[in-house]
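Each residue of the sequence shown is one higher than the one before, counting from 87 in this note's numbering. By construction, the Cβ of each residue, glycine as well, lies at the ideal position given by its N, Cα and C atoms. See structure below.
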Amino acid sequence: MSSTLDKNTRSLDELVADFDVVTSDSPASVADREALKAKPKFGTVFTDHMSRVSWTAADGWTNRRVEKYGPLLMDPAAAVLHYGQEVFEGLKAYKHADGSVWSFRPEQNAMRYARSAHRLALPELSADDFLASVAALVRTDIDWIPTGDEASLYLRPFMFASEAFLGVRPSLEVEHLVIASPVGPYFAGGVKPVSIWISQEFARAGKGGTGEAKCGGNYAASLLPQREAAKDGFDQVCFLDGAPEPAIEELGGMNVFFVHSDGSVVTPKLSGSILQGVTRMSIIQLLVDRGIEVHERRVTLADLRTDLESGQIVEAFACGTAAVVTPIGRLADGTFDVTINNGEPGALTMDVRAELTDIQNGRREDRHGWMTRLA
Ligand code: COI
Numbered sequence: 087m088s089s090t091l092d093k094n095t096r097s098l099d100e101l102v103a104d105f106d107v108v109t110s111d112s113p114a115s116v117a118d119r120e121a122l123k124a125k126p127k128f129g130t131v132f133t134d135h136m137s138r139v140s141w142t143a144a145d146g147w148t149n150r151r152v153e154k155y156g157p158l159l160m161d162p163a164a165a166v167l168h169y170g171q172e173v174f175e176g177l178k179a180y181k182h183a184d185g186s187v188w189s190f191r192p193e194q195n196a197m198r199y200a201r202s203a204h205r206l207a208l209p210e211l212s213a214d215d216f217l218a219s220v221a222a223l224v225r226t227d228i229d230w231i232p233t234g235d236e237a238s239l240y241l242r243p244f245m246f247a248s249e250a251f252l253g254v255r256p257s258l259e260v261e262h263l264v265i266a267s268p269v270g271p272y273f274a275g276g277v278k279p280v281s282i283w284i285s286q287e288f289a290r291a292g293k294g295g296t297g298e299a300k301c302g303g304n305y306a307a308s309l310l311p312q313r314e315a316a317k318d319g320f321d322q323v324c325f326l327d328g329a330p331e332p333a334i335e336e337l338g339g340m341n342v343f344f345v346h347s348d349g350s351v352v353t354p355k356l357s358g359s360i361l362q363g364v365t366r367m368s369i370i371q372l373l374v375d376r377g378i379e380v381h382e383r384r385v386t387l388a389d390l391r392t393d394l395e396s397g398q399i400v401e402a403f404a405c406g407t408a409a410v411v412t413p414i415g416r417l418a419d420g421t422f423d424v425t426i427n428n429g430e431p432g433a434l435t436m437d438v439r440a441e442l443t444d445i446q447n448g449r450r451e452d453r454h455g456w457m458t459r460l461a
C-alpha cells in the first residue's frame with residue numbers, strides 16, 4: 087500500500103493543508119449520525135461537510151476549502167442548467183480494522199476526471215487538487231465512514247459550469263465539489279443476480295460522442311430506457327454501440343464481463359464510447375493474475391445470443407465502483423431471454439468480488455499497490 091502519493095513532490099498532508107476548513111455550525115448529533123450510518127441506502131444520506139475549489143478563466147483554480155454541506159446558490163442562467171456542461175466521479179473511502187482510511191486507485195479517478203473535463207470543455211483539475219479535495223473532506227467527516235460488510239463512504243467529486251451566460255461556449259466560471267455519502271450495497275436487494283434488458287431501441291452514446299466521459303448527460307440518456315425496462319421487471323439496461331451489426335457496450339453505470347465454459351473471460355473492448363471503469367481494469371488484472379485468459383474484444387449481440395443459448399457463457403457480471411461486482415442472472419432483448427447459471431451467482435464472479443473487496447477493506451495483500459491512505 088502507498089501511504090503518500092508516490093509520484094507527487096508534495097505529500098498528501100501538505101496538499102490537504104491548502105484547504106481551509108470551516109466546520110459546520112449544525113453537524114448531525116452523534117446519535118443521528120450513527121443511526122444514519124447503520125442502514126445506509128445508496129446515495130440518500132450526506133455527511134456534514136463538502137469540499138470545494140472554484141475556477142475562473144482569469145485566475146484558474148482558487149479558494150480551496152471545506153465547508154458546511156448544503157444547498158448551492160446558483161444563478162438560474164448558470165450554463166450547467168441549460169447545456170449540461172458537467173462531469174463527475176465516483177470512488178470510496180474504506181475504514182480498515184486499525185482505523186486507518188484508504189481509497190482504491192484514486193489517481194485513476196483523478197486522471198479520468200481530467201479526461202472527462204477535457205471532453206466537456208471544462209478546466210482540468212490537477213490530480214493533486216483532486217486527491218486533496220477528497221482527503222480533506224474524508225478527514226473532516228471521518229466519523230461518518232461506516233464499517234462492516236459492504237459499507238464504505240461513497241465520494242462524489244463533480245464539476246459544473248456556473249457562469250451565468252446563455253451563449254453556447256465553454257463556461258468561464260466553474261465549481262468543483264466533493265460530497266460524501268455513507269453507503270451499503272448499491273442494489274436494494276444486496277448482492278444477488280440482476281436481470282438485464284438489452285436495448286435495441288435506445289442508445290446512450292455514439293462514435294465521437296461523450297460515452298467515454300463521466301458526464302451527467304450520458305446518465306440522463308439512460309433514464310428512459312431504464313424506466314421502460316423496469317416496467318417489464320428488468321433491473322438494468324445494457325446498451326449497444328449502434329453499429330449495423332450491433333455490439334454490447336455497457337450498462338450505463340457499470341461495465342460487463344462474460345465467463346465462458348472454457349474458463350476464459352470476455353469483456354467489451356474500450357471503443358471510445360464505453361466508460362473506462364477503474365473496477366473494470368482492476369478485475370482484468372486480478373483475472374490475469376490467476377492465469378485466466380481475458381479477451382477485450384467486440385462482443386456482437388448475435389455472438390452473445392449464440393453463446394448464451396448454447397451454454398458457452400456460464401457466468402456474467404457487471405462491475406463499477408458503486409455496484410462493485412454484481413452477478414447477472416438473466417439477459418433478454420425481446421428476441422431471446424436466457425437465464426444464466428440457473429439465476430445463481432457464479433463461482434468466479436463471487437470469488438473475484440471477494441478478492442477485490444478484501445483488498446479494498448485491507449483484508450488481503452494489496453500486491454499491486456492500489457490502495458492510497460487518506461487518513
Ligand atoms: C459509480 O460506480 O461510482 C458510478 O458512478 C455509477 C453510478 C452510481 C452513477
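From the options, residue whose alpha carbon lies closest to that of residue i
i, options, result
"Leu263", "Arg366, Trp147 and Ser368", "Trp147"
"Tyr199", "Val323, Leu177, Ala183 and Val187", "Leu177"
"Glu236", "Thr412, Asn428, Arg290 and Lys154", "Thr412"
"Asp393", "Gly432, Ser347 and Thr365", "Ser347"
"Glu401", "Ala274, Glu336, Leu258 and Ile414", "Ile414"
"Phe174", "Lys278, Ala433, Tyr240 and Asp375", "Tyr240"
"Ala315", "Trp283, Asp375, Asp437 and Gly455", "Trp283"
"Ser97", "Asp214, Leu167 and Cys301", "Asp214"
"Gly156", "Ala266, Thr425 and Ala121", "Ala266"
"Ile228", "Gln446, Ser248 and His182", "His182"
"Phe128", "Gln286, Ile334, Val410 and Asp145", "Val410"
"Leu208", "Gly185, Val166 and Phe190", "Val166"
"Phe251", "Pro162, Gly448, Asp184 and Asp104", "Pro162"
"Ala121", "Met367, Ser248 and Pro268", "Pro268"
"Ala404", "Ile369, Val254 and Arg391", "Ile369"
"Asp104", "Arg138, Gly185, Ala179 and Gly253", "Arg138"
"Val187", "Met367, Asn428, Arg225 and Arg450", "Arg225"
"Val374", "Arg242, Asp184, Val351 and Lys293", "Val351"
Assigned exposure category for residue i - 16 Cβ within 10 Å defines buried
i, result
"Lys317", "exposed"
"His135", "buried"
"Asn80", "Look at the range of the chain in this structure, 87 to 461, and you will see that residue 80 is not part of it."
"Lys123", "buried"
"Ala388", "exposed"
"Gly455", "exposed"
"Ala299", "buried"
"Lys355", "exposed"
"Pro330", "exposed"
"Glu382", "exposed"
"Thr458", "buried"
"Thr365", "buried"
"Gly297", "buried"
Opposing strand residues paired with residue i [DSSP bridges]
i, result
"Thr365", "Paired residues: none, contrary to the question."
"Ile284", "Cys324"
"Arg182", "Inspection of the sequence shows that residue 182 is occupied by His rather than by Arg. Its beta-bridge partners do not exist; DSSP assigns none."
"Ser115", "In DSSP, Ser115 forms no bridge with anything."
"Lys154", "His135"
"Ser140", "Thr148 and Glu261"
"Ala333", "Thr386"
"Phe244", "Phe174 and Leu263"
"Thr130", "DSSP output for Thr130 lists no bridge partner at all."
"Pro413", "Phe403"
DSSP state of residue i mapped onto helix, strand, coil
i, result
"Trp456", "coil"
"Pro192", "helix"
"Lys74", "Past the edges of the chain, shown from 87 to 461, lies residue 74, and the structure says nothing about it."
"Gly339", "coil"
"Val438", "helix"
"Val220", "helix"
"Ser308", "helix"
"Ile360", "coil"
"Ser347", "coil"
"Gly420", "coil"
"Thr425", "strand"
"Asp99", "helix"
"Leu374", "Residue identity differs from the one stated: residue 374 is Val in this sequence, not Leu. Helix at Val374."
C-beta atoms of residue i and residue j nearer than 9 Å
i, j, result
"Leu460", "Val220", "yes"
"Phe246", "Gln171", "yes"
"Thr142", "Leu258", "yes"
"Arg119", "Trp230", "yes"
"Ser281", "Gly319", "yes"
"Phe86", "Pro192", "With the chain covering 87 to 461 only, the question about residue 86 has no answer from this structure."
"Ser396", "Glu261", "no"
"Leu101", "Ala291", "no"
"Asp321", "Ser359", "no"
"Thr407", "Arg416", "no"
"Leu223", "Thr133", "yes"
"Gln286", "Asp419", "yes"
"Ala333", "Arg384", "yes"
"Leu390", "Asn304", "no"
"Pro126", "Gly295", "no"
"Ser248", "Met367", "no"
Contact with chain B by residue i, beta-carbon distance below 9 Å
i, result
"Ser110", "Judged by its chain identifiers, the structure shown contains no chain B, having just a single protein chain."
Near the ligand GTP: residue i beta-carbon under 8 Å from a heavy atom
i, result
"Phe251", "The model on display carries the ligand COI but not the ligand GTP."
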